[in-house]
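K.L.:
Numbering-wise (the numbering used here), the sequence shown opens with residue 5 and increments by one.
All C-beta atoms, glycine included, are put in the ideal place defined by N, C-alpha and C.
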Amino acid sequence: MSAAEASETRMANDIARNLAHLGFDKAAAELAGHIGRFWDPRMRGRLLAQVDAGAPGIHPLVEQAVKLLR
């Protein structure tokens with residue numbers, strides 16, 4: 005995993021932990037919305053590639069958010 009990819013995963017995981025109090029479905033939707041609105045397409049692409057590759061350490065909310073982004 006490159007430094008940029010690690011950065012996207014870390015950021016997405018941090019946001020997921022901050023939104024977890026909303027409950028799984030609401031948090032995943034909010035995370036997907038945040039990533040869709042504020043992340044550069046290259047950042048989104050790297051995150052999606054990491055989830056697709058089954059990279060270790062990805063928060064379940066991030067995985068669900070990626071599904072919602074597709």
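Smallest Cα separation from residue 12: which of 34, 28, 55?
P.N.:
Closest option to residue 12, Cα to Cα, is 55.
K.L.:
Does the beta-carbon of residue 7 have 16 or more other beta-carbons within 10 angstroms, so that it is buried, or is it exposed?
P.N.:
It counts as exposed.
K.L.:
Using the Cβ count rule (16 or more neighbours within 10 Å means buried), how would you classify residue 50?
P.N.:
Counting Cβ neighbours within 10 Å, residue 50 comes out buried, since at least 16 surround it.
K.L.:
Do the CB positions of residue 39 and residue 73 come within less than 8 angstroms of each other?
P.N.:
Contact: yes.
K.L.:
In terms of alpha-carbon separation, which member of 42, 30, 71 lies closest to residue 15?
P.N.:
The residue with the shortest Cα to Cα distance from residue 15 is 42.
K.L.:
Thinking just about the alpha-carbon of each residue, which of 44, 21, 10, 36 is nearest to the one in residue 69?
P.N.:
When only C-alpha atoms are compared, the closest one is 36.
K.L.:
Going by DSSP, what residue range makes up the alpha helix (DSSP H) through residue 25?
P.N.:
Taken as a continuous stretch (DSSP letters only), residue 25 belongs to no alpha helix (DSSP H), as it is neither H nor E.
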